[in-house]
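K.L.:
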Amino acid sequence: MVELESIRLYTETSGGGHKMSRQAYRRGIAALTLAVLAWTTAAQARTLYVAEDGKAEFRSIGAAIGAARNGDTIVIEPGLYAGGYYISGKSLTLRSRDPNNAAAVARTIIDCREGGLTIGDVSGAADRIWVTLEGMTIRGSSNTALACHRAELSIINCTFRDNRVGYAGGAFRCHDSTVRLMGCTFSGNVSGAVRGGAIFCTNSELHLTACSFESNQGCAVVNYDSRLLLTDCTFWNNTGEDGGAMHNRMNSPAGIAVSASLTRCTFQGNSADASGGAIYSFHAGTTLNACTFISNAAKQDGGAIYNSNSNSRLMNCAFLGNTAEGIGGASSSWYGSTLSLVNCTFSKNRAAAGGAIAGRGQFYAFLSHSILWGNTAAQGKELSLAPNPWEYGGISSATIEYSNIAGGEAGVHAPANATLHWAAGNLDTDPLFRRAEDFSLSARSPCIDAGDPRHVPDPEMKDVVGNARRFGAAVDMGAYEAGSVPVFRFWSPLTERHFYTSVRGERDKIIQNLAHEWTYEGIVFYACSRPYENMVPLYRLWSAQQSSHHWTLDEKEAQDMARSPGGLWAYEGIAFYVYLPFKQPWGALPVHRLRWTLRGGHFYTVNIEERDRLLRELPGKLTYEGIIWYALPWPEK
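Residue numbers (my numbering): 1037 to 1673.
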């Protein structure tokens, strides 16, 4: 609330007295008016309560909306409520009792079988309104669950599931609006006309943060003449025709310039009946930074991404195991499209031509500091500048610098009517990924520090998993900058043991397949994937009989244990690199080791409070063995 006493009208001195200037007077009156309006609005704003059991002033959401005034908040108690209402001419907040509690969100349900929720004025006659929806589940619509017209809308921690529509926007449709979605889930929504099972937007701007889209049909998100900004979003197992997860299109030349900017988003298992297993763009601009595309598929072209007359800029992205029955296992671009790749990794993608990347019809590609390795195609295993199947369309060209391309120039299919500029700094050698399921660089990778030594990345630039770029003498090739690696910890209540790994693929497999046995506890410290001054290797062994790892800094101990009778311990090699005590740099974190007294095995932590709490709560069960090594400082988030 603005306190009226704090509003002062400025004066100027004239002669011996004070006289208010005309400009100061106007400023003061304007400030006073705004303060009065703000105070009046705050004073008038009310909180209305809805409960289906009659224990609140309203039984239905629609009745509360009808009684609400501009600026009111409607709190909805857990329950099952019918849909079918409008919000127009007034700004409101609708929220559940506890919108940050997942259980409360699941129990606060708007069932839209009899109709959904419409926000704003379709005719355009009413003023623009601001509405917030927070912490509820919206389900069961047969004709768009939530529609928004000429409004400012925030949707926070909401779940949209099992909504259907014959045409566009099964869960959500918006036009001429600005929308912010945060922490929302869209699952099982359907568009019969393949125009956004989850979202369909026209002439709007959408900001999506930490949202998930799973098993939506008819393409999860369809963008006509709109701007999309997505951060930390996931798309799993969505299906569509052109674009399984996302479709961007210029539908009207007079509309907003179509664009999609994605940061730290993951696309996995999405599929398209035509092209663009994950993303399809037509006359659109896309910018992707630190995004991951895994096992997406298209029956025609572009297993992960398809561009037509579109410009794409990709940085720090990984494309792994995507497939297309046509051209471009990961990416396919046609008809005047441009593709810029910086610090990207393509591996295990497959297509008929262009196992990783394909372009056709006046297509131009620029590849820098990237890795194309282990992709499969009958023509152009890594990159194909395919001839145009029709007479028109111009020639295609590509420039490649400071990149590791399997087969070198021979790994690129460039027919006579295409141009390949093979620039400085390129390699043709095994990148030596850490493991089969982990495409970060091992300590011996030739791609480490193999980038342009003159290139100084932006200090804010991160790799695909959040590590700072240019950890060493030069930027590494590929999506992963070799340097710090997080060490993840699991706990098994069945065996009462901990499990540690720095391999993301190993972590993900345990989370997906062994969640009943292992509970994920997050990152416990950071180590280094390659040695630097004063660093030593840490060796890891695994015992299937004990369901436990053993870690040691002593290579001889590791070798002796691996030769132990009965195959008790299996040697797994160097896990990562750490600092010995008294050799650590400033800021390094001590790793404390505790031993389980009776059952054996160790517990590691850099958290002194955690160490002390366990010793206090489990006396006699844990023995503190001191600081065993030093880890890297915790990176800035």
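Beta carbons: idealized from backbone N, C-alpha and C, even for Gly.
This one's a predicted model, so the numbers in the text were calculated from it and none came from an experiment.
Would you kindly work out how many angstroms separate the C-alpha atoms of residue 1325 and residue 1166, rounded to a whole number?
P.N.:
Straight-line Cα distance between these residues: approximately 31 Å.
K.L.:
Name the DSSP bridge partner or partners of residue 1259?
P.N.:
According to DSSP, residue 1259 bridges with 1237 and 1284.
K.L.:
Sorted by chain position, which residues of the same chain lie with C-beta nearer than 8 Å to residue 1466's C-beta, five sequence neighbours on each side aside?
P.N.:
Taken in chain order, the residues that qualify are 1409 and 1482.
K.L.:
Just tell me which of 1632, 1552 and 1531 has its CA closest to the CA of residue 1582.
P.N.:
It is 1531.
K.L.:
Measure the Cβ-Cβ separation of residue 1116 and residue 1169 and say whether it is below 8 Å.
P.N.:
Not in contact: residue 1116 and residue 1169 (Cβ atoms no closer than 8 Å).
K.L.:
Which residues mark the beginning and the end of the beta strand (DSSP E) in which residue 1218 is found?
P.N.:
Start and end: 1214 to 1218.
K.L.:
Thinking C-alpha only, which one of 1080, 1533, 1147 and 1094 is nearest residue 1580?
P.N.:
When each option's Cα is compared against that of residue 1580, the closest is 1533.
K.L.:
Checking the sheet assignment: what are the DSSP bridge partners for residue 1196?
P.N.:
According to DSSP, which records beta bridges pairwise, residue 1196 is partnered with 1174 and 1222.
K.L.:
From the DSSP output, in three-state form, read off residue 1590 for me.
P.N.:
In the structure shown, residue 1590 sits in coil (DSSP, three-state: anything other than H, G, I, E or B).
K.L.:
When DSSP labels each residue in this structure, what does residue 1655 get in the three-state scheme?
P.N.:
Coil, per DSSP.
K.L.:
Quick check: the Cα distance between residue 1066 and residue 1080, rounded to an integer number of angstroms?
P.N.:
Here the model assigns residue 1066 a pLDDT of 45, short of 50, so the residue's position is not dependable and the matter cannot be decided.
K.L.:
Pick helix, strand or coil for residue 1498, following the three-state DSSP scheme.
P.N.:
Correct three-state label for residue 1498: strand.
K.L.:
Could you tell me the alpha carbon to alpha carbon distance between residue 1660 and residue 1520, rounded to whole angstroms?
P.N.:
Between residue 1660 and residue 1520, the C-alpha separation is close to 27 Å.
K.L.:
Which residues share a DSSP beta bridge with residue 1526?
P.N.:
In DSSP, residue 1526 forms a bridge with 1535 and 1556.
K.L.:
Quick check: the Cα distance between residue 1655 and residue 1605, rounded to an integer number of angstroms?
P.N.:
Using only the alpha carbons, I get a separation of about 30 Å.
K.L.:
Return the residue from the list 1155, 1246 and 1164 that minimises the CA-CA distance to residue 1208.
P.N.:
Taking only the C-alpha atoms, the option nearest residue 1208 is 1155.
K.L.:
Restricting to Cα atoms, I'd like to know which of 1236, 1302, 1250 and 1516 is closest to residue 1266.
P.N.:
Comparing Cα-Cα distances from residue 1266 to each of 1236, 1302, 1250 and 1516, the minimum goes to 1302.
K.L.:
Considering only the alpha carbon of each residue, which of 1180, 1347 and 1338 lies closest to residue 1321?
P.N.:
The option with the nearest alpha carbon to residue 1321 is 1347.
K.L.:
Quick check: the Cα distance between residue 1077 and residue 1563, rounded to an integer number of angstroms?
P.N.:
Bear in mind that a pLDDT of 46 at residue 1077, under 50, signals an unreliable position, so the model cannot answer this.
K.L.:
Beta-carbon separation of residue 1336 and residue 1362 under 8 Å?
P.N.:
Yes. Within cutoff.
K.L.:
Can you tell me which residues form a DSSP beta bridge with residue 1210?
P.N.:
According to DSSP, which records beta bridges pairwise, residue 1210 is partnered with 1184 and 1237.
K.L.:
Does the segment 1085 to 1094 come within contact of the segment 1106 to 1113, defined as at least 3 CB pairs closer than 8 Å?
P.N.:
Yes: at least three Cβ pairs fall under 8 Å.
K.L.:
What does residue 1512 pair with, by DSSP beta-bridge criteria?
P.N.:
BP columns for residue 1512 are empty, so no partner.
K.L.:
Using DSSP's beta-bridge definition, name the partner residues of residue 1440.
P.N.:
1407 and 1463, per the DSSP bridge assignment.
K.L.:
Of all the options 1151, 1379, 1097 and 1189, which has the alpha carbon lying nearest to the alpha carbon of residue 1210?
P.N.:
It is 1189.
K.L.:
Per DSSP, residue 1666 is paired with what?
P.N.:
DSSP, once it has assigned bridges, lists 1615 and 1626 as partnering residue 1666.
K.L.:
When you compare each of 1149, 1626 and 1575 to residue 1593 by their alpha carbons, which one comes out closest?
P.N.:
For the residues 1149, 1626 and 1575, the minimum Cα distance to residue 1593 belongs to 1575.
K.L.:
What does the alpha-carbon distance come out to for the pair residue 1285 and residue 1263?
P.N.:
Cα to Cα, the separation comes out at about 11 Å.
K.L.:
Along the chain, where does the alpha helix (DSSP H) containing residue 1549 start, and where does it finish?
P.N.:
Unbroken alpha helix (DSSP H) run through residue 1549: 1540 to 1549.
K.L.:
According to DSSP, residue 1166 sits in a beta bridge with which residue or residues?
P.N.:
BP columns for residue 1166 point to 1188.
K.L.:
Would residue 1492 be called buried (16 or more neighbouring beta carbons within 10 Å of its own) or exposed?
P.N.:
Label assigned to residue 1492: exposed.
K.L.:
So, for residue 1283: in the same chain, excluding its five sequence neighbours on each side, which residues have a beta-carbon less than 6 Å away from its beta-carbon?
P.N.:
The residues are 1255, 1258 and 1316.
K.L.:
Could you check whether residue 1250 and residue 1223 sit closer than 8 Å to each other, using their CB atoms as the reference points?
P.N.:
Contact: yes.
K.L.:
Could you tell me if residue 1185 is buried or exposed, where buried requires 16 or more neighbouring beta carbons within 10 angstroms of its beta carbon?
P.N.:
Buried, by the Cβ-count rule.
K.L.:
Give me the residue from 1618, 1180 and 1668 with the minimum Cα distance to residue 1625.
P.N.:
Comparing Cα positions, the closest option is 1668.
K.L.:
Closer than 6 Å by C-beta to residue 1620: which residues in its own chain qualify, once you throw out the five before and the five after it? Chain order, please.
P.N.:
For residue 1620, where only same-chain residues beyond five positions count, the Cβ hits under 6 Å are 1666.
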